[in-house]
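**Q**
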Amino acid sequence: MEIATRRSRVVLEVAVLSLICGVSLVFAGDIVHQDDIAPKRPGCDNNFVLVKVPTWIGDTEEEEFVGVGARFGPTLESKEKDATKSRVTLSDPPDCCSTPKNKLTGEVILVHRGNCSFTAKAHVAEAAGASAILIINNQTQLFKMVCEADETDVDIGIPAVMLPQDAGASLKESLENKLNISVQLYSPRRPLVDVAEVFLWLMAVGTILCASYWSAWSAREAAIEQDKILKVLTFYHLRTNSQIFTRVDETYNLILILINNNNNVVESWQDASDEYLNTESCRSSAVVDINTTSAVLFVVIASCFLVMLYKLMSYWFIEVLVVLFAIGGVEVVCKHVWWPCYHDSAETFVKVPFLGGVSYLTLAVSPFCVVFAVVWAVYRRISFAWIGQDILGIALIITVIQIIRVPNLKVGTVLLCCAFMYDIFWVFVSKWWFHESVMIMVARGDKSGEDGIPMLLKIPRMFDPWGGYSIIGFGDIILPGLLVAFSLRYDWLSNKSLRAGYFLWVMIAYGLGLLITYIALNLMDGHGQPALLYIVPFTVGTLLTLGKYRGDLRHLWSKGEPDRLCPHVQLQHEEQ
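Going by the UniProt record's numbering, the sequence shown opens with residue 1, and the numbers climb by one from there.
Right, here's the structure in full:
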């Protein structure tokens, strides 16, 4: 029964971990789109870039639209000051597949998609005297305008930009109302490095630092308390010749059983340890050691969750995730984050109906946590709501790293290698089956009308002309964070100094891996990158190499902790 309960608990923890870490991605919003289906060729070799289309009615600046540039035609200016402001006119006929009836003298012509190729429309518009052509798509999404395979004349001298259906309809309505509409067309470049990426890097590294020290501190406190009780009981054993049976359960709680010469259980020692055991259960009752089976199971469950998010992505589904995220954030902030700061208050409990034993600290801070989470959930669409999401997210990440533990390097290696393959598959390989990157689609919250799922840390891009957010998935912090926390626990239990230990070097390796991820992100024009592709080789490789070099690999790989002298041996030496 106990084994079945333990297995169920491990499976549940893996399922929760899979849901939280299902999105593992660094993303900045790409403005350059590559297309392998429509390869480049001479005269048709532009990148698909996003284009800003600010509009004016007379001299009053109005709405700004975003379109996408065509594969053909000249490249657009990158600075607004260099872009020419031109008047817009409607094409007659609307599809611009034949020579327009209206006279053009450098205007931007607005046409509908269909009835002929994009290049044919551009040729007709250029011959009629247009300075550029705006093509209205027949749906709200943007479409990549390419050259047909059998087209030979692709020498086009005016830029072509596609607008989504709603933007085109707005411009058309204004023109039909005889308003004087002007536009500019330009495609600004992103800065090489945005401050948001620097802060996001610091946030990820700082979160792992805090979580690792909390996890190691909890493990060391538990080990110290267990050693104290073992020494006392061993001393009793040496004086009374009674037998001691001890074991540590899956939550690091020490189970102590004393049997005297008459084979009777000594209940007084069990009673004396109740207070300790109760206290420890409050601290670490949720601690779970994952194994290799759980590590492999993580990939399967996480993949199922990701596909479910992809298929069910909608407004109501995002709302459900927001509610679950807010509830989880309230629980971790109230139950765990405040505990190290107010140790004594957190150990004083009161019974609450339907909830059982609840600490006075939890009762005191719960109203504030609930109000904070509710306010964030209600106002999450305002410009600074990302601050609340990051606070709740960091609290959740720290708690997960504290309660889910990698017991040894073997499990950590299997977990991160599985996550490594998972990340690559769902960011890159999934395009072959789903015709788009499933991970990127889920992270952006496409088809939902929202700014993405809440299981992300994000910071607005401060000096980016395109705006948007730089984001990092929880999985890119939690999964390598479990290995970093393991290295610090090992160092503390081994009494290793910072330089002689493993934590410092694994932490540096994580920081370098994440830094290279951001370099790759900028080289790929903001296209989402699987961060674990770079982080896993750095962290796992560093720990394996150092462990082999220092001769600790056997302990790190299988035991996960150093050899410790038993208390009864120490007591025997002291008596002599």
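Every residue gets a Cβ at the ideal spot worked out from N, C-alpha and C, and that includes glycine.
Just reading off the alpha helix (DSSP H) that V540 is part of, what are its end residues?
**A** Segment L532 to R550, the alpha helix (DSSP H) holding V540.
**Q** Measuring alpha carbon to alpha carbon, tell me which of L104, W426, L493 and T119 ends up nearest Y310.
**A** With distances taken between Cα atoms, Y310 lies closest to W426.
**Q** Starting from A160, follow its DSSP beta bridges and name the residues at the other end.
**A** Paired residue(s): I133.
**Q** Quick check: the Cα distance between L142 and I535, rounded to an integer number of angstroms?
**A** Cα-Cα distance, rounded: 34 angstroms.
**Q** Suppose you measure from the CA of K81 to the CA of L521; what does that come to, to the nearest Å?
**A** Answer to the nearest angstrom: the Cα atoms are 28 angstroms apart.
**Q** W376: buried (16+ other C-beta within 10 angstroms of its C-beta) or exposed?
**A** Buried, since its Cβ has 16 or more Cβ neighbours within 10 Å.
**Q** So what does DSSP say about T55, is it helix, strand or coil?
**A** Strand.
**Q** Does the Cβ of S558 have 16 or more other Cβ atoms within 10 Å, making it buried, or fewer, making it exposed?
**A** Label assigned to S558: exposed.
**Q** Quick one: give me the first and last residue of the alpha helix (DSSP H) that N298 is part of.
**A** It is Phe, not Asn, that sits at residue 298 in the sequence shown. Looking at the DSSP string, the run of the alpha helix (DSSP H) that includes F298 is T292 to K311.
**Q** Measuring CB atoms only, is the stretch 528-545 touching the stretch 414-429, in the sense that at least three cross pairs come out at less than 8 angstroms?
**A** Cβ pair count under 8 angstroms is three or more, so yes.
**Q** Taking 8 angstroms as the cut-off, decide whether the C-beta atoms of E151 and S187 are in contact.
**A** No; because the gap between Cβ atoms is not below 8 angstroms, this pair is not in contact.
**Q** Who are the Cβ neighbours of N291 in its own chain at under 7 angstroms, not counting the five residues just before and after it?
**A** Cβ neighbours of N291 beyond the five flanking positions: V411.
**Q** Would you kindly check if the distance between the Cβ of L456 and the Cβ of I401 is under 8 angstroms?
**A** No, these two residues do not count as a Cβ contact at 8 angstroms.
**Q** Could you tell me the boundaries of the beta strand (DSSP E) in which G69 lies?
**A** Its beta strand (DSSP E) spans residues T60 to G69.
**Q** Applying the criterion that 16 or more other CB atoms from any shown protein chain within 10 Å of the CB defines a buried residue, is A549 buried or exposed?
**A** The sequence given here has Tyr at residue 549, not Ala. Result: exposed.
**Q** Measuring only the C-alpha atoms, how far is Q184 from T55?
**A** So the two alpha carbons sit approximately 7 angstroms from each other.
**Q** Just tell me which of C210, H123, Y379 and M439 has its CA closest to the CA of V484.
**A** When each option's Cα is compared against that of V484, the closest is C210.
**Q** Quick check: the stretch 149-164 against the stretch 117-126, are at least 3 beta-carbon pairs closer than 8 angstroms?
**A** Touching, yes, given that three or more Cβ pairs across the two stretches are closer than 8 angstroms.
**Q** Determine the direct distance from the alpha carbon of F486 to that of L504, and round the result to whole angstroms.
**A** So the alpha carbons of these two residues sit roughly 12 angstroms apart.
**Q** If you pair each beta-carbon of the stretch 361-372 with each one of the stretch 162-173, do three or more pairs fall below 8 angstroms?
**A** No contact exists between the stretch 361-372 and the stretch 162-173.
**Q** Does the count of Cβ pairs from the stretch 196-212 and the stretch 503-518 closer than 8 angstroms reach three?
**A** Yes, since at least three Cβ pairs between the stretch 196-212 and the stretch 503-518 fall closer than 8 angstroms, the two stretches touch.
**Q** Are the CB atoms of S560 and L324 nearer to each other than 8 angstroms?
**A** For the sequence presented, residue 560 should be read as Gly rather than Ser. Cβ distance not < 8 angstroms, so G560 and L324 don't count as in contact.
**Q** Under 8 angstroms: do the stretch 59-66 and the stretch 79-93 share three or more Cβ pairs, one atom per stretch?
**A** Touching, no.
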